[in-house]
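Novice: Residue numbers (my numbering), protein chains in the order written: chain E, 3 to 155; chain V, 3 to 155.
Ideal Cβ placement from N, Cα and C applies to all residues, glycine included.
All values reported here derive from a predicted model rather than from experimental measurement.
2 protein chains.
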Amino acid sequence: MKLSVRGEYAIRALLVLALNYGDDVVRIQAISEQQNIPKKFLEQILNDLKALGAVESRRGAAGGYRLARPPQNITLASVVRHIEGALAPVSCVSDRFYERCTCPDEARCPIRAVMGEVREAVVKIMEQVTLADLCDRAQRLQHAPQTMLDYVI
Amino acid sequence: MKLSVRGEYAIRALLVLALNYGDDVVRIQAISEQQNIPKKFLEQILNDLKALGAVESRRGAAGGYRLARPPQNITLASVVRHIEGALAPVSCVSDRFYERCTCPDEARCPIRAVMGEVREAVVKIMEQVTLADLCDRAQRLQHAPQTMLDYVI
DNA sequence: CAAATCTCTATTGTGTCAATAGAGATTATT
DNA sequence: AATAATCTCTATTGACACAATAGAGATTTG
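Next up, the structure:
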């Protein structure tokens, strides 16, 4: 039930680009330093995100990356699915990455039913949240006090 | 965002034991055959579930396994946490398996906030569903028609 | 031309995971 | 007591994925 480091880096990098949407391109090295991501590893990831159509690049001096589409147009689900694969906890309940499992009767497997609900819950969030939402949240968290506990009282 | 094969086998084996709760013990081989799980692999897993206190065994001829507690007392969350570790998609939002991540400011990370919601959604289901619930579902699915689509119309 | 950047492919190291192997301990049955 | 059927324990293997590194190449700016 885990996101790979690669997937996490991808989202962190996209967040940086989303926060700079509309401005000039951002260099890999800047993202790398700001987010503590190994530069050469980040190169691969950004290139991969280009194939997704989430990102575009300019080469040469003064080169860099920027979002290829508006941030409200890029969901976490699309990113994670492209980088990692299925969002579902088991592939027998995955829509796009379906694989038959080894259980005796998939159609009547109660575990599968529950896992389907888990999948729904995860997909609901991941398909709904966009990079724009992350930017909004970032701003709110910026102006919030150290801990949210202050509000809970 | 995936459950390991080991974790899936564990739940499938426990389902068999839950369906036989109150009866005599069940042999590893029976579970192995019924669920298409490699026998020697299953041995390890059942032994591991003993450490969790979900299962108890009798050795020797006429030996086998049975649940150590009533099925309504064993949640999927407890099983998966014991076999796999965190339910959270990233360890920085995990309660019991927390690890600091490499992002610059964890407290104000909007990604972390979203991942926390994913965690909540998953945990809510996994902590609520017990082996007894799986048995109920199994029975309902047994008497249901081939596809659920019939009802959706 | 030179410097800074992105591009591409290969490789490496590490670790995890699924599975197998086999000797050992325990129990029921005869 | 002997035997057969089970669980028990630890080690090992093989395959693969993952994170990271390396380096030569292409492109653009100034």
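Under 8 Å between the Cβ atoms of ARG68/E and LEU19/E?
Specialist: For ARG68/E and LEU19/E, yes; Cβs fall inside 8 Å.
Novice: Run down chain V in chain order and give the residues with a C-beta less than 8 Å from the C-beta of GLN36/E.
Specialist: PRO106, listed in chain order.
Novice: Shorter than 8 Å from the beta carbon of ILE85/E to some beta carbon of chain V?
Specialist: Chain V contact via Cβ: absent.
Novice: Determine the extent of the alpha helix (DSSP H) in which GLY118/E is found, giving its start and end residues.
Specialist: It spans 112-130 - the alpha helix (DSSP H) in which GLY118/E sits, taken as one unbroken run.
Novice: Please classify ALA82/E: does DSSP put it in a helix, a strand, or coil?
Specialist: In the sequence as presented, Ala is not what sits at residue 82/E; that position holds Val. Three-state DSSP puts VAL82/E in a helix.
Novice: In three-state terms, what does DSSP make of LEU133/E?
Specialist: Of the three classes helix, strand and coil, the one that applies to LEU133/E here is helix, per DSSP.
Novice: Run the CB neighbour count on PRO40/V, radius 10 Å, all protein chains shown included, and call it buried at 16 or more, exposed below.
Specialist: Counting Cβ neighbours within 10 Å, PRO40/V comes out exposed, since fewer than 16 surround it.
Novice: Can you tell me whether VAL92/E is helix, strand or coil according to DSSP?
Specialist: Reduced to three states, the DSSP call for VAL92/E is coil.
Novice: Between LEU78/V and the rest of its own chain, which residues show a CB-CB distance below 7 Å, the 5 nearest in sequence each way excluded?
Specialist: So the list reads ILE13, MET128 and VAL131, once near-sequence residues are dropped.
Novice: By Cβ distance, which residues of its chain are closer than 7 Å to ILE47/E, with the 5 residues on each side in sequence left out?
Specialist: Contacts found: ARG8, TYR11, ALA12 and ALA15.
Novice: For ASP50/V, tell me which candidate among VAL82/V, ASN75/V and ASN22/V has the shortest Cα-Cα distance.
Specialist: It is VAL82/V whose Cα lies nearest to the Cα of ASP50/V.
Novice: Skipping 5 residues on each side, what residues in its chain have a beta carbon closer than 6 Å to that of GLY24/V?
Specialist: Hits under 6 Å: none found.
Novice: Please name the residues in the segment 110-134 of chain E whose beta-carbon is closer than 8 Å to at least one beta-carbon of chain V, in chain order.
Specialist: Listed in sequence order: ARG110, CYS111, PRO112, ILE113, ALA115, VAL116, MET117, GLU119, VAL120, ALA123, VAL124, LYS126, ILE127, MET128 and VAL131.
Novice: Is VAL27/E closer than 8 Å to ARG60/E when the C-beta atoms are compared?
Specialist: It is a contact, given that the beta carbons lie within the stated cut-off.
Novice: Step through the CB atoms of chain E and report whether any lies within less than 8 Å of the CB of PRO91/V.
Specialist: Closer than 8 Å: yes.
Novice: So GLU101/E is in the beta strand (DSSP E); what residue range does that whole segment cover?
Specialist: Where GLU101/E is concerned, there is no enclosing beta strand (DSSP E), given that its DSSP letter is neither H nor E.
Novice: In this structure, how does DSSP classify VAL7/E when only helix, strand and coil are distinguished?
Specialist: Residue state, collapsed to three classes: helix.
Novice: When you check each C-beta in the segment 29-53 of chain E against every C-beta of chain V, which residues fall closer than 9 Å?
Specialist: Correct list: GLN36, GLN37, ASN38 and ILE39.
Novice: Secondary structure at ALA15/E, three-state DSSP: helix, strand or coil?
Specialist: Note: ALA15/E maps to helix in three-state DSSP.
Novice: What number of angstroms, rounded off, separates the C-alpha of GLY66/E from the C-alpha of ARG29/E?
Specialist: For GLY66/E and ARG29/E, the distance between alpha carbons rounds to 4 Å.
Novice: I want to verify the contact list: residues of chain V whose CB lies under 7 Å from the CB of MET139/E, in sequence order.
Specialist: Reading off the sequence, residue 139/E comes out as Arg, not Met. Result: PRO112 and ALA115.
Novice: For the beta strand (DSSP E) that GLU58/V lies in, which residues bound it at each end?
Specialist: Element bounds for GLU58/V: 57-60.
Novice: Nearest chain V C-beta to GLN74/E closer than 8 Å, yes or no?
Specialist: Cβ-Cβ to chain V under 8 Å: no for GLN74/E.
Novice: Using beta carbons (cut-off 8 Å, strictly below), is LYS10/E in contact with chain V?
Specialist: Rather than Lys, the amino acid found at residue 10/E in this sequence is Glu. It does; some Cβ of chain V falls within 8 Å.
Novice: Comparing C-alpha positions only, which one of LEU133/V, VAL57/V and LYS52/V sits nearest to ILE76/V?
Specialist: If we check each option's Cα against that of ILE76/V, LEU133/V comes out closest.
Novice: Residues of chain E with CB closer than 8 Å to the CB of LEU136/V, please, in chain order.
Specialist: Result: PRO112, ILE113 and VAL116.
Novice: My assumption, with CB atoms under 8 Å, is that PRO73/V sits in contact with GLN36/E. Please give the rounded CB distance.
Specialist: 50 Å between Cβ atoms; not a contact.
Novice: Would you please verify whether the beta carbon of ARG98/E is less than 8 Å from any beta carbon of chain V?
Specialist: Judged by the 8 Å Cβ criterion, ARG98/E is not in contact with chain V.
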